[in-house]
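Heads up, the thing below is written out as structure tokens.
Residue numbers (UniProt numbering): 1 to 339.
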């Protein structure tokens, strides 16, 4: 059973890279690679976890760089996926709840593989039934045959589902059972083109659409989707990966990255969604991705959450853990109490 072993700790795994490159690398201008380290050191993340879960020790791991060992965007990215999978698998096997702070969303591909390879899931049935709750303004369901921008990070769900990059996916430890899209609920999707929308609507994943014309009610609609896909929660527990791209938040809260847009969730809605998740399923790991601490101005960033300290020079924004903190503690605490 996913929750048969009580949690003994939390493992924070940082992956401070974008397409395998560290922050301030001249080969790319994206600043989301700075997000993981900033969240770990300059927000209330650690103090919030310690205060809400005082009995659980917190271990921190940073994945080593791959720039000198792998060539090209694709090669570097897949090497990070392999390392992510191994780190997640080791955490789960030690009865630790993995929280992955990642530069971009592709990290969840490695997280999913690490869960399926973990001995904490005893049977092939459990491994094949892992689901995913994916918070993101974007679909992340592109494949090489359809994507026109060439943006590699927009293909994570399709890779997990076994629809693309099959030879390289076979090199990721633990990727033994593709993700069943009937066990996926995507929350907050709104910034998609017609081709992307058509692929999503033709798939079997559930979508809680965002957008300026949406009726909001994100938590209520998420609950309805989960009930249809996972049952009432009274029978055998279902394990899920929770993926949180911070651009799922509405721009009225603050711009988490350069791709943020209107029509997303506010903080109370995100917290309500997290409560719905832990009421119905058993989270096995959580990814927090795509935060650019340099993206927004200080005043807008303060709407996301209270800064722990004054912003450092040349850092134009702060992102307090209170903005999304209810997700991680409630997930970890709920799973520990179920065991």
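We treat Cβ as the ideally placed atom computed from N, Cα and C, and that holds for glycine.
Here the structure is a predicted model, which is why all the values come from computation and not from measurement.
- Straight across, the Cα-Cα distance linking residue 65 with residue 107 is about 14 Å.
- Closest option to residue 17, judged by alpha-carbon separation, among 37, 89, 7, 46: 37.
- Under the DSSP assignment, residue 62 falls in the beta strand (DSSP E) whose first and last residues are 58-62.
- The region 137-178 is shown to contain whole alpha helix (DSSP H) runs of 4 or more residues at 156-160, 166-169, in chain order.
- Taking 8 Å as the cut-off, the beta carbon of residue 139 is found no closer than this to the beta carbon of residue 212.
- Ranking 151, 40, 129, 288 by CA distance to the CA of residue 181 puts 129 first.
- Distance from the Cα of residue 67 is smallest, within the candidate group 57, 79, 59, 58, for 79.
- Contact between residue 285 and residue 111 holds: their C-beta atoms lie close to 5 Å from each other, under 8 Å.
- Three or more beta-carbon pairs separated by less than 8 Å are not found between the region 91-99 and the region 139-154, which leaves the two stretches without contact.
- When secondary structure is reduced to three states using DSSP, residue 205 falls in the coil class, being assigned neither helix nor strand.
- For residue 232, the number of other beta carbons within 10 angstroms of its own is below 16, and it is reported as exposed.
- Secondary structure within the region 189-260: the beta strand (DSSP E) runs of 3 or more consecutive residues, fully enclosed, are 206-208, 239-245 (chain order).
- Residue range 96-102 is occupied by the beta strand (DSSP E) that includes residue 96.
- Closest in alpha carbon position to residue 207, among 292, 178, 187, 215, is 187.
- According to the DSSP assignment, residue 263 belongs to no alpha helix (DSSP H), since it is labelled neither H nor E.
- At a Cβ-Cβ threshold of 8 Å, residue 174 and residue 89 count as neighbours.
- Around the beta carbon of residue 245, a 10 Å sphere encloses 16 or more other beta carbons of the protein chains shown; the residue is thus reported as buried.
- Cα atoms of residue 118 and residue 219: separation of roughly 30 Å, rounded to the nearest angstrom.
- In the structure shown, residue 12 falls within a strand segment according to DSSP collapsed to helix, strand and coil.
- The alpha carbon of residue 266 has as its nearest neighbour, out of 250, 290, 259, the alpha carbon of 250.
- Straight across, the Cα-Cα distance linking residue 41 with residue 34 is about 11 Å.
- Secondary structure at residue 273: helix, using DSSP grouped into helix, strand and coil.
- Between the C-alpha atoms of residue 63 and residue 171 there is a straight-line separation of about 18 Å.
- A Cβ-Cβ distance of about 5 Å is found for the pair residue 294 and residue 31, placing them in contact under the 8 Å criterion.
- No Cβ-Cβ contact shorter than 8 Å links residue 230 with residue 275.
- Straight-line spacing of the CA atoms in residue 158 and residue 54 works out to 38 Å.
- Per DSSP, reduced to three states, the secondary structure at residue 184 is strand.
- Contact between residue 184 and residue 134 holds, since their C-beta atoms are separated by about 6 Å, short of 8 Å.
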